[in-house]
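Protein chains in written order, with our numbering: chain A, 1 to 376; chain B, 377 to 752. All residues carry an ideal CB built from backbone N, CA and C; glycine is no exception. The structure displayed is predicted, hence computed values, not measured ones. Worksheet for the structure shown next.
Now the structure itself:
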């Protein structure tokens, strides 16, 4: 497995690269559709593939609870379990432990929590999470970190950074002591925390860089802070991260967030926005977002989006999609999700082309201006 | 549009034929997946096509209420609206008016009812239904009939038969006075009623045959009567219907019901069983039904059904499908629906081959015996 940095923009920090796993090559910048429970909600794997996505995200915490790590392990790993021929990254579930679970208790050793499904008690340590991810078998494993709330005081963030660094060290040790179980290689990403504090972000990033993992993630953003702050923290952090390694901004974001973060040196993204918003009737276009539950689409017989290359976008009208949402038909979720992921995949693919051509900055400016233009 | 009777079995009344519309050729016996609201629930049209289905059912009553007849008409007809390149038959909605609507009032002129969605008042006549179906634009239009409950007294059934015959006459007159609106031809099916009474079924069938419609349907069955009674009524009715015209048994049935009815001379079927049961976790196999919500499938890594030729059946394990149902993931509905429709389509396709080969009766007996064998 390796990451090859191909080209760096001259006017911004935007980069293009190739991320190679035993399941294929992923062009970066890359957007990972979210498939929490080993399914990108409402899409067949062949339809996910058709959007252009070659790397999907799943979640170790969720899969540990359902169907259980052993089931996925017995299936021969998550790719075989879900019939996905591309690559997979699993989030450790650190974030989910903090956001979903009741009665969690965090110590330097690990985190005790209760399942959000049945209230059963569980305990995660850095080592345990590595073992779960060896069993699940993603190409990329995120380590356990501590993600403080966006409004946390500095002292709380300092503590989370210390613990994140401690756990990163133990994770790397355990990663090196263990082996892949399913016949293909795995790599680990460490996660930079530090809230909105520049010195903490830098301190954390420097420490993690010294541990020499395959890739680096920026965590604890997109948790409620203003966009400009998120961009600034990203900017500080990528300045510290090594150029030759992939950078992944976790849980981000809107189309504009992606472009602003790409321009600050980020290579990889995941976000529920295209999939979750699709299920609420929101579709993305180059001219901004459309709400398909709005009565105005009822007799609009234009295609969902003639500029997005997907079966959903190019073969069904807004009137039909609006009808499906109005009648609570499952196909509405499928069509909107397929379109939105294809839109996101086309966005990062185009960003990549523009970076290689040297026209990224101008294209980004034009895209954002068209995307945010107030419609009359 | 035409129906060509190809071959009739010597040991049973089973037949093979070709049903030709401006949207293609449908081999019979044929099973129509149910797409009430211009969507086969949870499947993309290209996935419906992949199951082998070339004719789908939609419902005039439901589409009249949502999205409204005008919308489908403006879209250029139901095929374009739903992006379905095969053929479509619309049920008139007579059955739905009786089963779903509150405060219906039936006279010889027509039926007054309230929408099951918003309680708004509506009035259907035989002529109105023909006009709705001209607007919607299916290849095959079912006329308005009166479908009495299965436990109705003879006098009630007699009355329903009289009204069904009266409305059939008015429907045919109005059908002949009106023209297709969307650039392709349409044909009408009349519906035989008569409950479980042989003389009423024969009387109704004879009267409708004299009206010389394109095809004939057997209605008012599979509404609670024992299977053997359904088979017998079907047998009486097909004896009266002209051999050279297609026969459609409405709302039927289980795999066994299909084979028993094919052997009694039926050419076409529709039923919610494969799609609705799929959504409840039930999948069909040659060895009987399986409930994917049963804990026993949790770590069964065999394919959903290696003998059914669909992407769902051949690429995903029972363990994965069980996981999706357990986690309430939408993809569960898609996979189970795709498999079940493909199973039904393969069943009627195989019946066709066996009829042509002259081995239908033996194959049917073997199929039923394997399908109903008690598993230990």
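Identify every residue that forms a DSSP beta bridge with residue i.
i: residue 163(A); result: Bridge partners of residue 163(A): none, in fact.
i: residue 57(A); result: 34(A), 89(A)
i: residue 384(B); result: 391(B)
i: residue 125(A); result: 110(A)
i: residue 396(B); result: 378(B), 401(B)
i: residue 516(B); result: 465(B), 563(B)
i: residue 693(B); result: 679(B)
i: residue 623(B); result: 592(B)
Exposed or buried, residue i, counting other C-beta atoms within 10 Å across all chains shown (16 or more means buried)?
i: residue 174(A); result: buried
i: residue 61(A); result: buried
i: residue 72(A); result: buried
i: residue 6(A); result: exposed
i: residue 265(A); result: buried
i: residue 107(A); result: exposed
i: residue 669(B); result: exposed
i: residue 77(A); result: buried
i: residue 572(B); result: buried
i: residue 589(B); result: buried
i: residue 458(B); result: buried
i: residue 422(B); result: exposed
i: residue 296(A); result: exposed
i: residue 302(A); result: exposed
Chain B partners of residue i, CB-CB under 7 Å?
i: residue 310(A); result: Under the 7 Å cutoff, chain B gives no residues; its nearest Cβ is about 11 Å from residue 310(A).
I'd like to check one pair, residue j with residue i: are the Cβ atoms closer than 8 Å?
i: residue 355(A); j: residue 30(A); result: no
i: residue 591(B); j: residue 631(B); result: no
i: residue 53(A); j: residue 33(A); result: yes
i: residue 324(A); j: residue 312(A); result: no
i: residue 298(A); j: residue 327(A); result: no
i: residue 685(B); j: residue 712(B); result: no
i: residue 715(B); j: residue 659(B); result: yes
i: residue 529(B); j: residue 576(B); result: no
i: residue 300(A); j: residue 318(A); result: yes
i: residue 521(B); j: residue 595(B); result: yes
i: residue 603(B); j: residue 646(B); result: no
i: residue 275(A); j: residue 105(A); result: no
i: residue 593(B); j: residue 567(B); result: yes
i: residue 120(A); j: residue 128(A); result: no
i: residue 628(B); j: residue 580(B); result: no
i: residue 28(A); j: residue 268(A); result: yes
i: residue 663(B); j: residue 539(B); result: no
i: residue 609(B); j: residue 585(B); result: no
i: residue 139(A); j: residue 22(A); result: yes
i: residue 773(B); j: residue 512(B); result: Nothing about residue 773(B) can be reported from this structure: the residues present for chain B run from 377 to 752 only.
Excluding sequence positions up to five away, which residues of its chain have a Cβ less than 8 Å from the Cβ of residue i?
i: residue 109(A); result: 125
i: residue 263(A); result: 9, 12, 13, 14, 360, 361, 364
i: residue 244(A); result: 3, 5
i: residue 306(A); result: 313, 314
i: residue 706(B); result: 418
Whose Cβ in chain A lies nearer than 7 Å to the Cβ of residue i?
i: residue 413(B); result: 327, 329
Starting from the beta carbon of residue i, find every residue of chain A whose beta carbon is closer than 9 Å, and list them in chain order.
i: residue 422(B); result: 311, 315
Using 7 Å as the cut-off, classify the Cβ of residue i as near or not near the heavy atoms of the ligand FMN, replying yes or no.
i: residue 702(B); result: Only the bare structure without any ligand can be found here, which leaves the ligand FMN out of the picture.
So, for residue i: in the same chain, excluding its five sequence neighbours on each side, which residues have a beta-carbon less than 6 Å away from its beta-carbon?
i: residue 259(A); result: 364
i: residue 278(A); result: 336, 337, 340
i: residue 518(B); result: 467, 468, 565
i: residue 510(B); result: 554, 557
i: residue 626(B); result: 593, 595
Kindly list, in the order they appear in chain A, the residues whose Cβ is closer than 8 Å to that of residue i.
i: residue 459(B); result: 315, 316, 320
i: residue 451(B); result: 301, 317, 319, 320
i: residue 710(B); result: 42, 44, 330, 334
i: residue 442(B); result: 323, 326, 327
i: residue 674(B); result: 67, 71
Could you work out which residues of chain B lie near residue i, taking near to mean beta carbons separated by less than 9 Å?
i: residue 163(A); result: Residues of chain B passing the Cβ test: none, with the nearest at roughly 30 Å.
Using C-beta distances below 7 Å, list every residue in its chain close to residue i, excluding the 5 sequence neighbours before and after it, in chain order.
i: residue 400(B); result: 430, 462, 463
i: residue 393(B); result: 379, 380, 381, 382, 404, 622, 643
i: residue 374(A); result: none
i: residue 451(B); result: 457
Can a CB atom of chain D be found closer than 8 Å to the CB of residue i?
i: residue 735(B); result: Although the question refers to chain D, the structure presented lacks it and instead comprises the protein chains A and B.
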